[in-house]
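Protein sequences, first through last, are from chains C and P.
Read in order, the letters of the first sequence are residues 2 to 137 in the working numbering.
Read in order, the letters of the second sequence are residues 21 to 408 in the working numbering.
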Amino acid sequence: MTTPTYQRTLPLLDDSNRFFWTSGAEGELRLMRCQECGHWLHPPGPLCPVCRSERLAAEAVSGLGSIETYTLNMRSWGPGLEVPYVVAIVHLDEQPGLRLTTNIVGIPASDVRIGMRVRVTFERDEDVWLPLFTPA
Amino acid sequence: MDVVISGIGQSAVGRRLERSGLGLTVDATLEALADAGLEVPDIDGIATYPGFRPDMPAFSPVSSLDLKEALGFRLDWYSGGLEGPAQLGALINAYAAIKAGLARHVVCFRTVKEGTGGAAWKQSSLPSTERTRVSGEFQWILPFNAISATNWLSLYAQRHFHLYGTTREQMAQISLNARRNGALNPKALYREAITLDDYLSSRMISTPLCLFDCDTPSDASTVIILSSADAARDLKSTPVHIDSVGSAIHGKASWDQADMPSMAAFDAGRMLWSRTDWKPADVDVALLYDGFTFLTLTWLEAMGFCGVGESGAFVDGGARIARDGVLPLNPHGGQLAAGRTHGFGFVHEAVTQLRGLGGDRQVAGDVKLAAVGAGGGPIGGALLLARR
Chain C
2 MTTPTYQRTL PLLDDSNRFF WTSGAEGELR LMRCQECGHW LHPPGPLCPV
52 CRSERLAAEA VSGLGSIETY TLNMRSWGPG LEVPYVVAIV HLDEQPGLRL
102 TTNIVGIPAS DVRIGMRVRV TFERDEDVWL PLFTPA
Chain P
21 MDVVISGIGQ SAVGRRLERS GLGLTVDATL EALADAGLEV PDIDGIATYP
71 GFRPDMPAFS PVSSLDLKEA LGFRLDWYSG GLEGPAQLGA LINAYAAIKA
121 GLARHVVCFR TVKEGTGGAA WKQSSLPSTE RTRVSGEFQW ILPFNAISAT
171 NWLSLYAQRH FHLYGTTREQ MAQISLNARR NGALNPKALY REAITLDDYL
221 SSRMISTPLC LFDCDTPSDA STVIILSSAD AARDLKSTPV HIDSVGSAIH
271 GKASWDQADM PSMAAFDAGR MLWSRTDWKP ADVDVALLYD GFTFLTLTWL
321 EAMGFCGVGE SGAFVDGGAR IARDGVLPLN PHGGQLAAGR THGFGFVHEA
371 VTQLRGLGGD RQVAGDVKLA AVGAGGGPIG GALLLARR
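Here you go:
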């Protein structure tokens, strides 16, 4: 009997989200941005909720931000899921309220703090580049 | 036209019951009908949260039409669905339907078989080792193994701790209060009190939430019958008036895009008080959602029982929220002790307390006004219930 290997649930890629989940292939994190007023839009939508323009395009962000909140998950939710791991919400520098759920990697979990400066790094899983964050 | 709660009923509540979801729903419905003094032909509406979910049969095994067929109701109006102001959305829909004249007596139900749902990863709301792909709002959360609602709420709780200095010792009081009260509720799943040491030494699930911060899945059905006040005039039960409802959502409709730790509960709370002359200080008993202890802290702030960020201090020591405190909270033990009846249990208990029928757990004095809040994250609904 072998120990099952836990696999992340991956996003279903389509024309509305592929730019986000694959931009890591070029080492960039891209989000949708309004080409009229400059508003960053995440999650992506059909029009800018600020100026209602439909002129939207994927643009690279700096990949820098700070940890708004985090949790150290201690319980394994499925066979083979190794714990603990850090789930966090990172607030990106580009715009107030621009947030991503992610994992903090590259440092001991006990060192993670709210307000910590972080930068994006990518982990490839099949055709998805997951934007994870590590201390800046 | 005023709307009242005319009858309440609840099936057996257990961690694992032999009876089917529909069987439990029938039990609860018949009890509620008898409580109100209504007969099957009197019922002309059904509302439920969230309706049958084939993808999550333990979460919601019964549709409105299942119940209609089982008891032979003839319906002028029916409604079920996940989208709305949390579990109370079913009651708020029924309230609106009665006000609009579409129905006179509406059976509202919430049925769960989560106690029998099995091991966590066998529930379809959690992933299996089989690779799956996700779309919609959960695509932004699940790929990072933020799998459980415990993770999602932990993120809010940690932010609250950071901003306001809230502590685990304070949050523990929600759990201790629930167990203390559950000990007096014959139907509670947990009837033994726990100590602060028990709480602090229990297994951490996702910091800062430990095992005792999480409610318990159960098998149960709860029914609340809403009636137009005119039609309820001759019924045998004491009517409880729905004084005000809160169903607003003004912030982000997302688990992870909110200005944490704020939640839709705050929008629902503001709407509730904007539509009544009552004030938070007038409330005699509070029934506030405790699927996680942190959600109760949220509701205390959202309902205006304390200021934003002050809920930790408000519950500190537990005296204020005890049955003899200034704001008796969840006298039946909440979902933490009485089982996850998923929102409807709070309404059932509110009505029980307003009628003075709480037995050993009845809050002392003349209980005339109850506040109910349910839900978390981007979903929140609130009711203000009054005995006149």
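For every residue, glycine included, the Cβ atom is placed at its ideal position computed from N, Cα and C.
Notebook entry, point to check: For the putative contact between SER264(P) and PRO398(P), defined by C-beta atoms under 8 Å, what is the C-beta separation to the nearest angstrom?
Noted result: Not a contact, Cβ separation roughly 22 Å.
Notebook entry, point to check: Nearest CA to the CA of THR68(P): which residue from GLU59(P), VAL82(P), ALA56(P) and MET76(P)?
Noted result: VAL82(P)
Note to self: The beta strand (DSSP E) that contains VAL387(P), what's its start and end?
What the structure shows: Counting along the chain, VAL387(P) falls outside any beta strand (DSSP E), and DSSP gives it neither H nor E.
Notebook entry, point to check: Hey, is TRP141(P)'s beta-carbon within less than 8 Å of any beta-carbon in chain C?
Noted result: Residue confidence is low: TRP141(P) scores 41 on pLDDT, short of 50, so the model does not pin down where it sits. No coordinate-derived value is stated.
Notebook entry, point to check: Which partner residues of ALA306(P) appear in the DSSP bridge assignment?
Noted result: LEU349(P) and ALA391(P)
Checklist line | alpha helix (DSSP H) segment containing CYS119(P), residue limits | finding: Here residue 119(P) turns out to be Lys, not Cys, going by the sequence shown. Counting along the chain, the alpha helix (DSSP H) containing LYS119(P) begins and ends at 109 to 119.
Note to self: Can you check whether the C-beta of HIS182(P) is within less than 8 Å of a C-beta belonging to chain C?
What the structure shows: yes
Next item on the list: Determine the direct distance from the alpha carbon of ALA198(P) to that of ARG343(P), and round the result to whole angstroms.
Entry: 10 Å
Next item on the list: Below 7 Å CB to CB, which residues in the same chain sit around ALA339(P) once its five sequence neighbours on both sides are set aside?
Entry: GLY345
Next item on the list: Establish whether the CB of PHE314(P) and some CB of chain C are separated by less than 8 Å.
Entry: no
Check: If you draw a straight line from the C-alpha of GLU134(P) to the C-alpha of ALA61(C), how long is it?
Finding: 44 Å
Note to self: With three or more beta-carbon pairs closer than 8 Å as the criterion, would you say the stretch 83 to 103 of chain C touches the stretch 62 to 72 of chain C?
What the structure shows: yes
Notebook entry, point to check: Going by beta carbon distance, what residues of the same chain come within less than 8 Å of LEU229(P), once the five residues before and after it are set aside?
Noted result: THR170, LEU173, SER174, ALA177, PHE312, THR313 and PHE314
Next item on the list: Specify the secondary structure class of ASP22(P) as computed by DSSP and reduced to three states.
Entry: coil
Item checked: Cβ shell of THR187(P) (< 8 Å), same chain only, five flanking positions each side left out -> PHE181 and GLY332
Margin query: Relative to the C-alpha of HIS125(P), which candidate in PRO163(P), LEU91(P) and ASP62(P) has its C-alpha closest?
Written below: ASP62(P)
Next item on the list: Under 7 Å between beta-carbons, which chain C residues line up against LEU220(P)? List them in chain order, please.
Entry: Neighbours of LEU220(P) on chain C: none; closest Cβ ~15 Å, over 7 Å.
Next item on the list: Along the beta strand (DSSP E) that carries ILE262(P), what are the first and last residues, could you check?
Entry: 260 to 266
Note to self: With DSSP as the reference, identify every bridge partner of HIS125(P), one or two as the case may be.
What the structure shows: SER247(P)
Check: Using a Cβ-Cβ distance under 8 Å, would ALA166(P) count as near chain C?
Finding: yes
Check: So is ARG118(C) buried or exposed if we call it buried at 16+ other beta carbons inside 10 Å?
Finding: exposed
Note to self: Suppose you measure from the CA of GLY79(C) to the CA of ARG9(C); what does that come to, to the nearest Å?
What the structure shows: 10 Å
Check: So which of GLU59(P), THR316(P) and LEU404(P) has the shortest CA-CA distance to LEU329(P)?
Finding: Going by the sequence as given, residue 329(P) is Gly instead of Leu. For the residues GLU59(P), THR316(P) and LEU404(P), the minimum Cα distance to GLY329(P) belongs to THR316(P).
Check: Short check: CB of VAL23(P) to CB of SER294(P), under 8 Å?
Finding: no
Margin query: Determine whether the beta carbon atoms of ASP304(P) and LYS388(P) lie at a separation below 8 Å.
Written below: yes
Checklist line | Interface partners of GLU69(C) on chain P, CB under 8 Å | finding: ARG179 and MET280
Notebook entry, point to check: Alpha carbon to alpha carbon, what distance is there between MET76(P) and ALA391(P)?
Noted result: 30 Å
Margin query: Using 8 Å as the threshold, is the C-beta distance between VAL121(C) and LEU30(C) below it?
Written below: yes
Note to self: Considering only their Cβ atoms, is the gap separating ARG153(P) from LEU11(C) smaller than 8 Å?
What the structure shows: yes
Notebook entry, point to check: Expressed to the nearest angstrom, what Euclidean distance is found between the alpha-carbon atoms of TRP130(C) and TRP22(C)?
Noted result: 6 Å
Check: Of all the CB atoms in chain P, is at least one closer than 8 Å to the CB of PRO136(C)?
Finding: no
Next item on the list: In the DSSP assignment, find the unbroken alpha helix (DSSP H) run with SER195(P) in it and report its ends.
Entry: 188 to 202
Notebook entry, point to check: Opposite SER226(P) in the DSSP bridges: which residues?
Noted result: ASN74(C) and LEU229(P)
Checklist line | Proximity winner among GLN107(P), LEU91(P), ALA240(P) and LYS119(P), relative to LEU37(P) (alpha-carbon distances) | finding: ALA240(P)
Note to self: Check whether chain P comes within 8 Å of VAL88(C), counting only Cβ atoms and requiring the distance to be less than that.
What the structure shows: yes
Check: What does TRP130(C) reach in chain P if we use C-beta pairs closer than 9 Å?
Finding: Going along chain P, no residue has its Cβ under 9 Å from TRP130(C), so there is no contact; the nearest lies around 11 Å.
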